[in-house]
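Heads up: the structure comes next, in C-alpha cells.
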Amino acid sequence: MKKENIKLLENGKRSDGRNLDEIRNINIELGIIPIANGSAKFSFGNTVAIAAVYGARSLQPKFLQEDEKAVVRVRYNMAPFSTDTRKNPGIDRRSIELSKVLRDAIENSIFLEEYPRAVIDCYAEVISSDGSTRITSLNAISLALALAGISMKDLIVGLTAGKIEDKIVVDLNQLEDNYGSADISFGYLFATDEIVLLQMDGELKKEEFLYALSLLKEKAKVVYEKQKEALRNYLEKEKYD
Amino acid sequence: MKKENIKLLENGKRSDGRNLDEIRNINIELGIIPIANGSAKFSFGNTVAIAAVYGARSLQPKFLQEDEKAVVRVRYNMAPFSTDTRKNPGIDRRSIELSKVLRDAIENSIFLEEYPRAVIDCYAEVISSDGSTRITSLNAISLALALAGISMKDLIVGLTAGKIEDKIVVDLNQLEDNYGSADISFGYLFATDEIVLLQMDGELKKEEFLYALSLLKEKAKVVYEKQKEALRNYLEKEKYD
Amino acid sequence: MKKENIKLLENGKRSDGRNLDEIRNINIELGIIPIANGSAKFSFGNTVAIAAVYGARSLQPKFLQEDEKAVVRVRYNMAPFSTDTRKNPGIDRRSIELSKVLRDAIENSIFLEEYPRAVIDCYAEVISSDGSTRITSLNAISLALALAGISMKDLIVGLTAGKIEDKIVVDLNQLEDNYGSADISFGYLFATDEIVLLQMDGELKKEEFLYALSLLKEKAKVVYEKQKEALRNYLEKEKYD
Amino acid sequence: MIDERIVLQLLKEGKRLDNRSFLEYRKIEIEKDIIPKAEGSASVKLGNTLVIAGVKVELAQPFPDTPNEGILVVNAEFPPIAHPTFEPGPPNEYAIELARLVDRIIRESKMIELDKLFIEDGKVYGIFVDIHIISNDGNLLDASTLASIAALHSTKIPKYENNSLIRNEFIGNLPVRYKPTYVTIGKINDSYILDLTYDEEQVINDLIAFGIRDDEKIVAVQKLRGKFKFNEIEKLLDLAIDKSKEIRKYL
Amino acid sequence: MIDERIVLQLLKEGKRLDNRSFLEYRKIEIEKDIIPKAEGSASVKLGNTLVIAGVKVELAQPFPDTPNEGILVVNAEFPPIAHPTFEPGPPNEYAIELARLVDRIIRESKMIELDKLFIEDGKVYGIFVDIHIISNDGNLLDASTLASIAALHSTKIPKYENNSLIRNEFIGNLPVRYKPTYVTIGKINDSYILDLTYDEEQVINDLIAFGIRDDEKIVAVQKLRGKFKFNEIEKLLDLAIDKSKEIRKYL
Amino acid sequence: MIDERIVLQLLKEGKRLDNRSFLEYRKIEIEKDIIPKAEGSASVKLGNTLVIAGVKVELAQPFPDTPNEGILVVNAEFPPIAHPTFEPGPPNEYAIELARLVDRIIRESKMIELDKLFIEDGKVYGIFVDIHIISNDGNLLDASTLASIAALHSTKIPKYENNSLIRNEFIGNLPVRYKPTYVTIGKINDSYILDLTYDEEQVINDLIAFGIRDDEKIVAVQKLRGKFKFNEIEKLLDLAIDKSKEIRKYL
C-alpha cells in the first residue's frame, strides 16, 4: 500500500536519523571468497553486496577474445531473500541494465590494454538490499579488482544522492529511493577527476543537479578513504599471517 | 465476444464495400531500409508488412554452410501493436510455422545454387494487421529480394482467397478471415506456373477449392503488375537521382 | 482432495490385491524402435517406460569428447498424458534430477573405457505412470543397452520398496508412493554385488532400512530373470527370422 | 541408414526399397485405450513408424471470444528417442508445424462438438491432445493424425464435482463426429508417391498434404515442401480424397 | 559500410561524412496515427534511422502499491530487419537499456496522468508502448523517445464496458502533459557532437544522454559509454537543455 | 588449484592436504539473522565454503491436494561468484539436485508443521528457502542443509492483514521441530571420508548422502556418485547417524 504520509525529513533529520550529507555506516570485509582472485563485501548500512573478480584469465572460446585489450564481463544479481517481497531468482531486465552500466564504469577504470586476449569477470551479489544496491556493488567490485591486482587508474568510488522534500541528501536508503523526488547514482575516479557512472531519475532543476554532483564528489572522499583503509589493513594483516 | 450476427456480405458487397473478386488498395514503398541489400513495404489496405533482405552474404559459423547452394533464413514477426489486443513480443508457434512456410516458398523461387556457402536472410515485420499478413509479407519479401539482386525464377506473387456466405472472394480482411468458412493462402510464380505456397483451412468442396485457385491465379496478376510497376518506378527514379 | 482414510493394507493385502513382497506383472517388449541401436518397453503393471539407446557413436562437437572413455547422456521424460493431471511437456526440475541419477547408475554399469571419444545416448519415455517410473525406466534402459551391444558389467536391475502402515513392501504403485511413509529406489548389479542407484525419502529406522534393502535384493532377482528371459527369447526369435 | 543415392535411383525407376507400389501404404495397426491415465489414447504403427497420441481432459477457462465452448490444445513432441537426428529441447519448427496441422484438421473439420463442453460460467472442459513420436520412419503427419483421431474417438469425459474432475468416473464419451485424415503426397518425376519412409523423405523434394473429411470436404491443405504446377492440384486432390477413404477404414 | 578510420579522421578534423555541423540534427520527420489497430502510434525518421512506436491500451491489474493508478509498460525490439548486425532473439542489453530509458523519461517526467486511468477496484488501463526499430542508422535513443512521446500524444482511450474494451469507441485522449525529450551527446577531442549516425557511434567513446522536460527540468540522465570530466557536466547540461527545445518543436 | 594427482596420492596414503583426519569436519561457523529483510537467514562457513540461506515468507495459494497446509519451496543458486567454474545461467543439474535434496530432508523429516500455516480458504503462508552459494570449497550439501535448517529455526511469521503481509510485525516463530542434517560420505580405497574439499571431490569416485533426524530416523538417502557394495550400507549408516549428532550441535 502507498505510504501516504511518509515523512522523509523531520527537524532536519532523515528517517533513519542521519543528517542530509551523512553516509550510513560503511562496513568492508576483504578476501571472503578465497578461491577468487579478489573478493570483498561492502555495506552501506543494511545494503550489503559481495563481489568477486576472476581473472585476468584467458578468454575461451577464442573468437570472443579481443587482440588489444581485455574483455570485461559483469553480472549484478540480487539474492531472492534480499528484498521485502521475495525476488524471483535469476537475471531480470533491471539486472541486465545495471550489469551493463557497471561494466561500462569498470571498463573505463581499468588499463584494459594491459590484458590482451584476457577476460576479467566481475560478479556482484546483493545479499541485503536497503537502497543504493548498484553503487554498493560498484564499491565492492572496486575492492575486489584491487585485490585481484588488476591495473586500474584508481579505485572506483561510488555514492548516491537524491532529493527529499526539497533537500539534496547523499546515500539514499530504500525509503528515500522509493518516495524521494530524484536519485542519482555516481561513480568517480579521484585520480583522473572522471565520472565513470552517472544515472539520474526524478525531477531536478539544473542548479539542484549541479549542487548534488558537488556534494557527491565531496562525500565520495569518505568512501574513498574507507576503501583505502580497508586495503591497507588487509595487506598489513596478510604480511604478518 | 462472438459477433453473433456478423454480415460478411450485403447486396453482393463485402463488409468493406468491395466486390467479391476485388483486391484492397495495394501500396508499395521500396528501399525504406537503406542499409539492407533490399527492402520494401507492402500493403493490402490496412495490412502492412515491411521486409528486408540481407545477403547473399557469407554464412558464419562455417559448419552451417551448404557447399552447393545458399541457405535461406526467414523470420516472420508481428509487431506488438499491430493487432487488436496487444501481441506479446517475440516469436510464437504461429510465427515459427509461418516463417517455415514462407522460407519454403522463397527457397523454391530462388536459384539457390548460384550462392554456394552463402546465406540469404529475409525478414518480414507486420506492423499493421488486417488479415492476409503472411501473404502481405511474402509480397514484401519478393520485392526486397528483387532489389537485393537475388537471382529468382520470377517475382513471387501472393494472394489470399476464402469463402464467405457461400461465395468465393479474394484478399481476405481480418473480419472475413475470422468469420468466413474457409481461407486459402497462395504464393505463385507466373514464369514457371508453379505454386510455391499453399495453405488452406476451413471447409470446401473440391469444386469450390478449384474455383478459388483459378480466381487466385487470375487476380494474382494484379499483384504481379503492381510489383513490377513499383520496381520500374523505383529503378527509374534511382537512375535520375 | 486429500484421501483422508486411504487404506493401503487390508488383511495383509495391498490396495491392488498384492502381497507385501509381490511385484506387479512385468511386461517386456524388445526392439520396438528399429532405428535405434537398442530399444525396449518395460512395464511394472500400469507403469510403462520405453527406452532407446543410440550409440556408442562419435561425440560431436569434438570438445565434448573424453579421451579415455565414453560420455553417457541420459534423458528421462514423462509424456504429458502419462499422469492423472496432464503434465506440461518438457523437462522439469524433477526430470533433470532423475536423468542425472539414472545417468550415474548407467555410467557405473558400463565399461566406459571401451568407448573413448564416443557418446552413448540413453532415452527413456514414461508413457504411462503408476509409481516407480524412474526404476521402470532404468530396467528399460538396461535392456536397450544390452540390445545395443554395449559392454556392461551386468544387466542393471531396478526395483522400489517402501513402507505402508508399518510394513515394508516392494514395487510401489502411485497410491503407495503418495500415501506411504517411505520409498526407496534401488538399482543393482548382481554380477558385482554393487548398488548403482539408491534414493530414499520418508521416515525409516535403521533396521527397517536394512530390511528393505535385503528384500529389494531378494526380489530384484525376479526382475533380473525377466530381463534375461526376454533377451533370450528375442535373440532366439531373431535367429530364426 | 541406406545411401540416399540408391533410394533415389530406385524411385526414379518406379521402385521402392520395401517393394511397395507408389500408392500403397505400409501396414496400418491402430490400438486404442493403451494409456490407463489418459481419458483417450491410441497408438499407430505405420511400418516402423510408431506414434502415440494421448488425450487428457482438464478443467479450463474458455477463450474470451467463445465463452460457451470447450477448448482444444494440440501439442507434438519429437523426443530424441524416436530418431538418431532428433535432439532434446523445445519443439522445433517441424514439430510445431505438425502440431498445428493436426490442430487445424481437428478444428476445421468440426469433429469435436466444442459447444457441448461447457460446464459453467468461466469453466469448460479442455481437450489436450499430445502426440508423442516414439519411432520415426517417415510420414509422421498421416500417422499422428490417425493416432489423434483414434484417441479422440476413444475419449471419455470425467465427472465434474466440487470444482474438480473425478478421474475415475465418467459422464460419457467426448462428443465427436467425423474422422478426418491427412493424405500426404510426394512427387518424383511426375509420379505421385504415398506414405514415404524416412529414407524416401530425404530424397523427395515436393510434398503436399490434404486433410479430408468423411464427406469428402477438404478441410486443410498444406504444401509442405517444394512446388507444384498449377494444373496438377486437381489430380492431387482426387488422389487424396480417394486414399482418405481407404485409411479412414482403419479408424 | 564506411571504413571506421575515415569517419574518425574526419571527425578529428571537425567534419562529418554527411557535411552536418557537430551540433546539427539530421532532418526529423514525424508521422502520427500510422497504425490503424494501435490506440496511438508514430513513426520517426532521423535521416536513415526509422523507428515506429505503437501504443496499445489494455485492461490491466494495478500494481499493489498504486491500486488507483494505470500502469505503463515500455518495450523495445531490435528486430534483425533493422541492421545487418542485429540478431533474432530476445532483447539484448542495448534494447533493454533503451526501453528502460524511455520508460524512465515517460515515468519520471510525469507526462501521463496515471491516476486518471483507474477504472474500478483491481482494474485499470494499461498503457503499453512498443518501440520497433525498423532501420538503424544511429541515435536510436533520441529517435525512439520522439516516436514514443508522439505516439502517446496521439493515443485515445477505448471505452470500457462489460469487463472488456470496445476497440472502436473512445472516451477521449490519453491524459498527457509535457513532451520530454532525450538529447544524446557524444564527445570527441573535447568537442561535443549530436545525433550520431551508426558509423559515428562506432568511433565515439564517450556518450551521455539527458532527458529534459518542457520546463527545463532534468528528469533522466544516463552516461551511456565512456567517461566525462567532473567539470564538464554543466556545459553538457546547457547544451542538452538548449537542444531539447529545438527537437521538441517537431512533436 | 592443486594438482589432482597429489590430492589423490595423499588420500591413498590416508592423508589430507589440510591435515584433517578422514572423519573430521572442518571448523563449522554458523551465524543467524544476517539478512535484515529476510524472515529467517543464516550463513554457514565450512572452512573456505560459505553458504547463505534466506527464508522469505510470502502469501501463497495452497496445493490443491493439501488445501489447509502452507507450502514449502526450496531453490538453490550457484552464482558464478562462488567458483571459477560456475557459469551464469539457470541452475544446472547439480544445483537442482542440491535444492531437491534439501527440500526432501525438510519435507520428509516433517520439521515444519505446515498445517499451522493456514490463513484462510485459498490462502496460506508460503515458506521460500533460497540457498545462495557464495564460496565453493566443497561439501555444499552438508553446508547448505545446515544453513537452511538454521535459517528456518530463526524464521518469524509476519502478520497478515487486509490481504497482505505486514513486513515489520510478527505473530511468532515459524513452527519447527527437529534439526535434520545430511552427512555426505566419500569412499576411497575402502576408507570413508567426510566433509570433502573441492579438490578432494574431484578425485573421489563414490559419494553418498544420508539425511538423519534428531531421533536417528533416516529421512533421506541419495547415492550421489559411483557405486557401493551391498554389504557396506550398514557401516555407512552407522557412520552417518553418529556424525549427524556431532554436527547437529552447531545448530
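Protein sequences, first through last, are from chains F, V, U, R, G and W.
Each step along the first sequence adds one to the number in the numbering used here, with nothing skipped, and position 54 is 54.
Each step along the second sequence adds one to the number in the numbering used here, with nothing skipped, and position 156 is 397.
Each step along the third sequence adds one to the number in the numbering used here, with nothing skipped, and position 22 is 504.
Each step along the fourth sequence adds one to the number in the numbering used here, with nothing skipped, and position 226 is 949.
Each step along the fifth sequence adds one to the number in the numbering used here, with nothing skipped, and position 108 is 1082.
Each step along the sixth sequence adds one to the number in the numbering used here, with nothing skipped, and position 30 is 1255.
For glycine and all other residues, C-beta sits at the position ideal for the given N, C-alpha and C.
Measuring alpha carbon to alpha carbon, tell me which residue in the options is nearest residue i.
{"i": "Asp-154(F)", "options": "Tyr-76(F), Tyr-54(F), Ala-144(F), Ser-99(F)", "result": "Ala-144(F)"}
{"i": "Phe-1204(G)", "options": "Asn-11(F), Leu-235(F), Leu-197(F), Lys-228(F)", "result": "Leu-197(F)"}
{"i": "Val-1098(G)", "options": "Phe-1037(G), Ile-1178(G), Arg-1222(G)", "result": "Phe-1037(G)"}
{"i": "His-1057(G)", "options": "Glu-998(G), Gly-1160(G), Ile-1108(G)", "result": "Ile-1108(G)"}
{"i": "Arg-994(G)", "options": "Glu-1174(G), Asp-1212(G), Ala-1183(G)", "result": "Glu-1174(G)"}
{"i": "Glu-658(U)", "options": "Tyr-670(U), Ala-643(U), Leu-671(U)", "result": "Ala-643(U)"}
By the DSSP assignment, the alpha helix (DSSP H) with residue i in it spans what residues?
{"i": "Lys-467(V)", "result": "447 to 481"}
{"i": "Arg-93(F)", "result": "93 to 107"}
{"i": "Ser-867(R)", "result": "863 to 876"}
{"i": "Ser-1469(W)", "result": "1458 to 1473"}
{"i": "Lys-1161(G)", "result": "Not the alpha helix (DSSP H): Lys-1161(G) falls in the beta strand (DSSP E), residues 1155 to 1162."}
{"i": "Asn-380(V)", "result": "374 to 388"}
{"i": "Leu-985(G)", "result": "978 to 986"}
{"i": "Val-1401(W)", "result": "Val-1401(W) -> no alpha helix (DSSP H), and no H or E assigned at all."}
{"i": "Ile-828(R)", "result": "816 to 831"}
Given that a residue counts as buried once 16 or more other Cβ atoms are within 10 Å of its Cβ, and exposed if not, what is residue i?
{"i": "Arg-749(R)", "result": "buried"}
{"i": "Val-655(U)", "result": "Per the sequence presented here, residue 655(U) reads as Asn, with Val not at that position. The residue is buried, with at least 16 neighbouring Cβ atoms inside 10 Å."}
{"i": "Asp-992(G)", "result": "exposed"}
{"i": "Leu-1053(G)", "result": "Note that residue 1053(G) corresponds to Pro in the displayed sequence, not to Leu. By the 10 Å Cβ count, Pro-1053(G) comes out buried."}
{"i": "Leu-837(R)", "result": "buried"}
{"i": "Pro-80(F)", "result": "buried"}
May I have the straight-line CA-CA distance separating residue i from residue j, to the nearest angstrom?
{"i": "Tyr-685(R)", "j": "Glu-348(V)", "result": "Any question about residue 685(R) goes unanswered here, given that chain R covers just 724 to 974."}
{"i": "Lys-62(F)", "j": "Ile-120(F)", "result": "15 Å"}
{"i": "Ile-794(R)", "j": "Ile-376(V)", "result": "28 Å"}
{"i": "Phe-186(F)", "j": "Tyr-224(F)", "result": "13 Å"}
{"i": "Pro-1149(G)", "j": "Ser-1083(G)", "result": "14 Å"}
{"i": "Arg-94(F)", "j": "Asn-1147(G)", "result": "31 Å"}
{"i": "Ser-15(F)", "j": "Glu-1264(W)", "result": "22 Å"}
{"i": "Leu-620(U)", "j": "Ile-592(U)", "result": "13 Å"}
{"i": "Glu-1094(G)", "j": "Asn-1137(G)", "result": "10 Å"}
{"i": "Val-1195(G)", "j": "Leu-1114(G)", "result": "16 Å"}
{"i": "Val-1408(W)", "j": "Pro-1313(W)", "result": "29 Å"}
{"i": "Gly-1363(W)", "j": "Ala-40(F)", "result": "20 Å"}
{"i": "Ala-49(F)", "j": "Thr-83(F)", "result": "13 Å"}
{"i": "Leu-919(R)", "j": "Gln-732(R)", "result": "15 Å"}
What are the residues that DSSP puts in a beta bridge with residue i?
{"i": "Lys-1348(W)", "result": "Glu-1345(W)"}
{"i": "His-1106(G)", "result": "Ile-1026(G), Glu-1051(G)"}
{"i": "Asn-559(U)", "result": "Glu-607(U)"}
{"i": "Gln-656(U)", "result": "Bridge partners of Gln-656(U): none, in fact."}
Which residue comes first and which comes last in the beta strand (DSSP E) that contains residue i?
{"i": "Gln-945(R)", "result": "941 to 948"}
{"i": "Ala-1263(W)", "result": "From DSSP, Ala-1263(W) is part of no beta strand (DSSP E); its letter is neither H nor E."}
{"i": "Tyr-1417(W)", "result": "1416 to 1419"}
{"i": "Asp-1180(G)", "result": "1180 to 1186"}
{"i": "Tyr-536(U)", "result": "529 to 540"}
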